[in-house]
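First comes the structure, then the notes that go with it.
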Amino acid sequence: MNIHLQPTSVPAYVEIYNSLFSDIVNGVYPQGECLPGEIALAQKYNVSRNTLRQAMAILCEDGLLVRARGKGTLVVEKKEEPKNASSSNPLTAFPTVAIDKTEISYNFTPPTDIAQAKLALGKSDILLASYLVYQSGDVVVGYSFVQVPVKLLSQLQVDVSSADAMNRFLNESLYAAASHQNITFKLIFVNETETEYLRVEEGAPVHLLECILYSADGTPLARCKHYMRPEYYKISYTVRV
Numbered sequence: 220m221n222i223h224l225q226p227t228s229v230p231a232y233v234e235i236y237n238s239l240f241s242d243i244v245n246g247v248y249p250q251g252e253c254l255p256g257e258i259a260l261a262q263k264y265n266v267s268r269n270t271l272r273q274a275m276a277i278l279c280e281d282g283l284l285v286r287a288r289g290k291g292t293l294v295v296e297k298k299e300e301p302k303n304a305s306s307s308n309p310l311t312a313f314p315t316v317a318i319d320k321t322e323i324s325y326n327f328t329p330p331t332d333i334a335q336a337k338l339a340l341g342k343s344d345i346l347l348a349s350y351l352v353y354q355s356g357d358v359v360v361g362y363s364f365v366q367v368p369v370k371l372l373s374q375l376q377v378d379v380s381s382a383d384a385m386n387r388f389l390n391e392s393l394y395a396a397a398s399h400q401n402i403t404f405k406l407i408f409v410n411e412t413e414t415e416y417l418r419v420e421e422g423a424p425v426h427l428l429e430c431i432l433y434s435a436d437g438t439p440l441a442r443c444k445h446y447m448r449p450e451y452y453k454i455s456y457t458v459r460v
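So this is what it looks like as structure tokens:
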């Protein structure tokens, strides 16, 4: 293997990145509020708008800023990682904006072939199949497709006729019942079906986390597919070894 080291100069955006980072951390720009416009910021820090954009793009990647359509660029509000993030709903555990509305729809159906394989079910078993759409204001930030064997609902005595009970089950008790989960992470591009729930253009990139939740004895409890718009989520898990 040939290895070649090539010295490079420090990128032009680093200085403005450091200045913005310091001002954000020190509260010059309050959490949850918009930054001034590009022209004002470029003048304040005496840089070109292109250099400013490069610095702001990295700050977005680093989770300090988020671009909100129709609002501008917001300073992300600091949130502590959930104490047990591995047993929490990612859609409610990791948003960078406040989730203030959840729409839930569901039906009962025989399992698909993949659900049989993932959840160790037979063809005669019945599943709860649910869609949960999460909004911040009028903006959909993500949605989940969740499949749960009905026997788990019976065990936990979930009242399926109660909206509050279903909300608690699908967003809290289901994850609390799990001992561990297997997570597959992908970057996908939204298809026609997914646009219906996310309300974005077909082909838009989103994060997909497919999670299989397990009980302490290894029994599969649920299959969850979580779709998250990248500009509204910062996913962070602590891995203990």
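FYI, the numbering for the sequence shown is 220 to 460, going by this note's numbering. Yeah, the Cβ is synthetic: ideal placement off N, Cα and C, and Gly gets one too.
Rounded distance between the beta-carbons of residue j and residue i, thought under 8 angstroms
i	j	result
V316	S355	4 angstroms
L428	F404	6 angstroms
Y451	P314	6 angstroms
E420	E411	Not confirmed; about 11 angstroms, so no contact.
Nearest-angstrom Cα separation, counted from residue j out to residue i
i	j	result
Y232	V369	54 angstroms
A339	P249	49 angstroms
L432	G251	33 angstroms
G341	A312	32 angstroms
P449	N308	16 angstroms
C240	V367	The identity of residue 240 in the sequence shown is Phe, whereas the question assumes Cys. Each residue's Cα considered, the two are about 44 angstroms apart.
D319	V247	27 angstroms
L375	Y416	28 angstroms
A259	M220	49 angstroms
N401	Y362	19 angstroms
P467	L278	Any answer about residue 467 is impossible in this case: the structure gives the chain only from 220 up to 460.
Residues near residue i in its chain [Cβ-Cβ closer than 6 angstroms; skip 5 each side]
i	result
F388	V377
I454	F313
Other residues of its chain near residue i: CB distance less than 7 angstroms, five sequence neighbours each side excluded
i	result
A435	S398
S480	In the structure as shown, the chain begins at 220 and stops at 460. Residue 480 is therefore absent and cannot be evaluated.
K337	I431, P439, R442
Sequence-distant residues of the same chain with beta carbon closer than 8 angstroms to residue i, five excluded per side
i	result
T321	L351, V352, Y353, Q354, N386, N390
Beta-carbon proximity check, residue i vs residue j, cutoff 8 angstroms
i	j	result
K297	C253	no
L283	I243	yes
F364	L347	no
H445	L271	no
R418	V458	no
Length at least 3, wholly inside the stretch 243-324: the beta strand (DSSP E) runs in chain order
284-287, 291-294
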